[in-house]
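Some notes on the structure that comes next.
There are 2 protein chains.
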Amino acid sequence: MPEFRQNYATKEWIILAPERGKRPHDWARESKPETVAAVDPYVSDCPFCAGNEDKTTDAVYVWPSENDWQVRVVSNKFAALQRDLNPVRNLDGAFLAAEGFGIADVVIEHPKHDRTLATMTVGEVEQVLRGYVARQVAMNADDRVNLVTIFRNHGARAGTSLEHPHSQIIATPIVPPHVRYPIERAVHHYDQYGRCVYCDMLGEEIRQGDRVIMETSGFVAFCPFAAKSPFECRIYPKRHLASFFLLGEQELAELAGMLRTVLAKIYHGLHNPDYNYIIRSAPVGDHDTRYLHWYMVIIPKITIPAGFELGSGIYINTTTPEDAAEFLRETDIP
Amino acid sequence: MPEFRQNYATKEWIILAPERGKRPHDWARESKPETVAAVDPYVSDCPFCAGNEDKTTDAVYVWPSENDWQVRVVSNKFAALQRDLNPVRNLDGAFLAAEGFGIADVVIEHPKHDRTLATMTVGEVEQVLRGYVARQVAMNADDRVNLVTIFRNHGARAGTSLEHPHSQIIATPIVPPHVRYPIERAVHHYDQYGRCVYCDMLGEEIRQGDRVIMETSGFVAFCPFAAKSPFECRIYPKRHLASFFLLGEQELAELAGMLRTVLAKIYHGLHNPDYNYIIRSAPVGDHDTRYLHWYMVIIPKITIPAGFELGSGIYINTTTPEDAAEFLRETDIP
Chain A
261 MPEFRQNYAT
271 KEWIILAPER
281 GKRPHDWARE
291 SKPETVAAVD
301 PYVSDCPFCA
311 GNEDKTTDAV
321 YVWPSENDWQ
331 VRVVSNKFAA
341 LQRDLNPVRN
351 LDGAFLAAEG
361 FGIADVVIEH
371 PKHDRTLATM
381 TVGEVEQVLR
391 GYVARQVAMN
401 ADDRVNLVTI
411 FRNHGARAGT
421 SLEHPHSQII
431 ATPIVPPHVR
441 YPIERAVHHY
451 DQYGRCVYCD
461 MLGEEIRQGD
471 RVIMETSGFV
481 AFCPFAAKSP
491 FECRIYPKRH
501 LASFFLLGEQ
511 ELAELAGMLR
521 TVLAKIYHGL
531 HNPDYNYIIR
541 SAPVGDHDTR
551 YLHWYMVIIP
561 KITIPAGFEL
571 GSGIYINTTT
581 PEDAAEFLRE
591 TDIP
Chain B
261 MPEFRQNYAT
271 KEWIILAPER
281 GKRPHDWARE
291 SKPETVAAVD
301 PYVSDCPFCA
311 GNEDKTTDAV
321 YVWPSENDWQ
331 VRVVSNKFAA
341 LQRDLNPVRN
351 LDGAFLAAEG
361 FGIADVVIEH
371 PKHDRTLATM
381 TVGEVEQVLR
391 GYVARQVAMN
401 ADDRVNLVTI
411 FRNHGARAGT
421 SLEHPHSQII
431 ATPIVPPHVR
441 YPIERAVHHY
451 DQYGRCVYCD
461 MLGEEIRQGD
471 RVIMETSGFV
481 AFCPFAAKSP
491 FECRIYPKRH
501 LASFFLLGEQ
511 ELAELAGMLR
521 TVLAKIYHGL
531 HNPDYNYIIR
541 SAPVGDHDTR
551 YLHWYMVIIP
561 KITIPAGFEL
571 GSGIYINTTT
581 PEDAAEFLRE
591 TDIP
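First to last, the sequence lines map onto chains A and B. The numbering used here puts the first sequence at residues 261 to 594. The numbering used here puts the second sequence at residues 261 to 594.
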């Protein structure tokens, strides 16, 4: 029987229609010829490969050193936003506009072309996360910045043509409705119940348990009750914390282990599907707030939102998050 | 210079970054081998071709007659929602859910497999619109229905594998946040200014004029100021009207002419790209409201939303709506 389910925090609805769907193992599509294993570790015209540093802008962050880096963060040469503009709103007739100020970084995650987070060591993944923190802190310091979005596009269906392992960070002067509306719901919940809505949601996911992929002392990974698409995964810190950059050293190491495990389960279990992930933090200046909670969402791109999803915002999910979580729990990684 | 632009009605922002983009004619990708012209008018295993009516459920609407139909509406055999369920909300632990009640129609637009709205006659398109109206009226009459979404998926990138020309209508018991939030903004605008926000937006689009594709006495088609993607097109009635099904006979004929022209310009100018279109009406019971305005949005699927769009809700559009509208105005159709 199909079912509507509501996201406890955002109040968005999805339709779970498993009768139409495949069993989790059906999703494991045949290995792509272009999977990472078949790619060279060095590609001469790749701007992100070690040895080709002159093809990018100067690094804004490197670890451990410019001459022998594992993580190298550069400005996006093809950025949609520019640093030297002024985001003051102005009117174009009756319509509101602003110059396209923003900061757009590319985080080169590894010197070698043939790696991806799922196949790196936990220590390497941890250094990528440390790079995110350093850059989020630097962007927060710009008075014009109000929101920092950290994300990763993996594969053509996820919107990237670049194979070299990388993620991106974009700082914007604007907090858009897509981000603001869930905040308003969270404030409402806090005023009503005196608790963070995400803390309450996490508590319920852990209590029900059948959608949990893994849990450590500080974090939990699960396929959410109202997952919009098959194998949507989320990682939350159990401790109430509104922004990612506030994580401590030990927490970053622990998160790196969990992220690497979940991505490796997706990589091996579903044969390296394309995916997006996003780290959502509170707007700049709201990182001490009691009603927001940072989290990470991983969205394998194995289905296509169509007219109904675009029109109604109600996503049809053909695989239950309970089945997806069980499949991922049972997927072994090397 | 990149620019932020705000949707006047919904308050959503987009980034216009034309430096990164292509000129409109660059988008006209090479003709696909599978374009409509190369397809047979009859395909023996297509459930929607005339002659194969036994492969579908019984028709809930036909025009002009069951034996010689142009438009035939049937229940979706693979519907995500079912008619015989009860949409009462219930709690699953702390989480809200409901049985998956809904009505899901498939509108078969033409008996022949090798047509699409862009290549049908205006009279044929008008009959498709009349089918929408009849079914929207019938769905509105079910007390459990609160929202009727009419949409069309054209091509694999738009989420359909079925070639035969068809659209879909889904009635849901739920008005989700994606639909409700813009309504709340529209109410706010009405209370503030005493006018429909969409009427005001239309007036400004017509006054500025450079994004208008075409205009008739009753309708206007344009690429909106804050278009989310290249060649996003919208069609609005000039007369304030909250729901599509309220259109009069003459208006339906006039709209059919405009819709067919805009789709033909996209078909010929951009070489039959995949697209979604959506007709958004007010929730059931709100069709007399002074603050909502039905409209149609056409979204060619020539770009892929990536992690930034999913995370922030801010879409990066690489082709200005001014350029897109000029290109479409100048595209000749046979």
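Note that the Cβ used here is the ideal one computed from N, Cα and C, for glycine as well.
- Message: Measuring only the C-alpha atoms, how far is residue 419/A from residue 325/B?
- Response: 46 angstroms
- Where do the ends of the beta strand (DSSP E) carrying residue 358/B lie? Residue range 355 to 359 is occupied by the beta strand (DSSP E) that includes residue 358/B.
- Taking C-alpha atoms, which residue in 384/A, 314/A, 503/A and 452/A lies nearest to residue 406/A? 503/A
- Taking the alpha carbon of residue 388/B as the point to measure from, which residue in 542/B, 358/B and 333/B has its own alpha carbon closest? 333/B
- Query: Is the distance from the Cβ of residue 404/B to the Cβ of residue 442/B below 9 angstroms?
  - Reply: no
- To the nearest angstrom, how far is it from the Cα of residue 221/B to the Cα of residue 501/B? Past the boundaries of the shown model lies residue 221/B; chain B is included only from 261 to 594, so the question cannot be answered.
- Item | Partners in chain B for residue 320/A, counting only beta-carbon separations shorter than 9 angstroms | None at all; the shortest Cβ gap to chain B is about 18 angstroms.
- Task: Confirm, please, whether the CB-CB distance from residue 268/B to residue 358/A is below 9 angstroms.
- Result: no
- Task: Would you list the one or two residues that DSSP bridges to residue 428/B?
- Result: 366/B and 411/B
- Item | Alpha-carbon to alpha-carbon, residue 592/A and residue 378/A | The straight-line gap separating the alpha-carbon atoms of residue 378/A and residue 592/A is approximately 13 angstroms.
- Task: Taking only beta-carbon positions, decide if residue 268/B is within less than 9 angstroms of chain A.
- Result: yes
- Message: Under 9 angstroms, Cβ to Cβ, is there at least one residue of chain B near residue 491/A?
- Response: no
- Is it the case that the Cβ atoms of residue 367/A and residue 428/A are separated by a distance below 9 angstroms? yes
- Assigned exposure category for residue 575/B - 16 Cβ within 10 Å defines buried: When all chains shown are included, residue 575/B counts as buried.
- Expressed to the nearest angstrom, what Euclidean distance is found between the alpha-carbon atoms of residue 577/B and residue 314/B? For residue 577/B and residue 314/B, the distance between alpha carbons rounds to 45 angstroms.
- Item | residue 415/A and residue 534/A closer than 9 angstroms at C-beta | yes
- Task: Taking residue 438/B as the query, report the chain A residues whose CB atoms sit under 8 angstroms from its CB, ordered along the chain.
- Result: 272, 572, 573 and 574
- Query: Does the stretch 510 to 518 of chain B come close enough to the stretch 477 to 493 of chain B to have 3 or more Cβ pairs within less than 8 angstroms?
  - Reply: yes
- Message: Suppose the cutoff is 7 angstroms on Cβ atoms and the five residues either side in sequence are ignored; what does the same chain contact list for residue 435/B look like?
- Response: 406, 407 and 543
- Given a cut-off of 9 angstroms, decide if residue 538/A and residue 571/B are closer than it, judged by their beta-carbon atoms. yes
- Message: Checking the sheet assignment: what are the DSSP bridge partners for residue 335/B?
- Response: 365/B
- Could you tell me the distance, in whole angstroms, from the CA atom of residue 341/B to the CA atom of residue 277/A? 8 angstroms
- Alpha carbon to alpha carbon, how far is residue 391/B from residue 454/A? Residue 391/B and residue 454/A have their C-alpha atoms some 51 angstroms from each other.
- Item | Ranges of the beta strand (DSSP E) found wholly within the stretch 415 to 501 of chain A, counting only runs of at least 3 | 426 to 432, 472 to 475, 479 to 482 and 493 to 497
- Item | Neighbourhood of residue 506/A by C-beta, 7 angstroms cutoff - its chain only, sequence neighbours within 5 removed | Excluding sequence neighbours, residue 506/A sits near 547.
- Cross-chain neighbours of residue 464/B in chain A, by beta carbon under 7 angstroms: 353, 354 and 355
- Message: Judging by CA-CA distance, which residue of 430/A, 588/A, 492/A and 300/A is the nearest neighbour of residue 529/A?
- Response: 588/A
- Query: Any idea if residue 525/A is buried or exposed, counting beta-carbon neighbours within 10 angstroms, 16 or more meaning buried?
  - Reply: buried
- Give the secondary structure of residue 314/B by DSSP, where H, G and I count as helix, E and B as strand, and everything else as coil. Correct three-state label for residue 314/B: helix.
- Start-to-end residues for the beta strand (DSSP E) that takes in residue 276/B: Here the beta strand (DSSP E) through residue 276/B covers 273 to 276.
- Message: Tell me the rounded alpha-carbon separation between residue 272/B and residue 327/A.
- Response: 43 angstroms
- Task: Measure the Cβ-Cβ separation of residue 312/A and residue 305/A and say whether it is below 9 angstroms.
- Result: yes
- Query: Starting from residue 264/B and walking both ways along the beta strand (DSSP E), at which residues does that stretch end?
  - Reply: 263 to 266
- Do residue 473/B and residue 556/B come within 9 angstroms of each other at the CB atom, strictly closer than that value? no
- Through-space distance from residue 448/A to residue 437/A, alpha-carbon basis: Looking at the two C-alpha atoms, the distance is approximately 16 angstroms.
- Query: Relative to chain A, which residues along the stretch 466 to 485 of chain B have a C-beta separation below 8 angstroms, given in chain order?
  - Reply: 467, 468 and 485
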